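Take a look at the structure set out below.
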Amino acid sequence: MRVGGVRILALGIVAIIVGLYFLISPNTVSYAPAFYILGGGILFIIIGWLLR
């Protein structure tokens with residue numbers, strides 16, 4: 087088990103948490119960045135899962 091994949095996996099989880107926070111927070115101006123962050127987080131989790 088290499089460290090790189092786990093680090094990418096953790097980064098993806100953090101990105102999803104940040105994206106969900108942007109979606110939930112009431113003072114969000116536009117929702118597009120939140121969806122980009124969520125999509126990136128899912129992508130990072132998939133890549134990290136494959137590299138682990």
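First residue of the sequence shown: 87, per this note's numbering; consecutive thereafter.
Built from N, CA and C at the ideal position, the CB exists for glycine as well.
Remember, it's a predicted structure, so these values are computed and weren't measured experimentally.
Can you tell me whether residue i is buried or exposed? The criterion is at least 16 other CB atoms within 10 Å of its CB, across all chains shown.
i	result
Leu124	buried
Near residue i, what residues of its chain come up, given a Cβ to Cβ distance below 8 angstroms and the 5 sequence neighbours on each side ignored?
i	result
Phe130	Ile94, Leu95, Leu97, Gly98 and Ala101
For residue i, I'd like the list of residues in its chain whose CB is within less than 7 angstroms of its CB, leaving aside the five on either flank, ordered along the chain.
i	result
Gly91	Gly134, Leu137 and Arg138
Ala198	Given that the chain is displayed from residue 87 to residue 138, the structure contains no residue 198 and the question cannot be resolved.
Gly126	Ala101
May I have the straight-line CA-CA distance separating residue i from residue j, to the nearest angstrom?
i	j	result
Val115	Ile128	23 angstroms
Ile112	Ile103	Just to set this straight, residue 112 is Pro in the shown sequence, not Ile. About 16 angstroms.
Alpha helix (DSSP H) containing residue i: first to last residue?
i	result
Tyr122	Ala118 to Leu137
Val92	Val89 to Ile110
Go through its chain and collect everything with a Cβ distance to residue i's Cβ below 6 angstroms, but skip five positions before and after it.
i	result
Ala118	none
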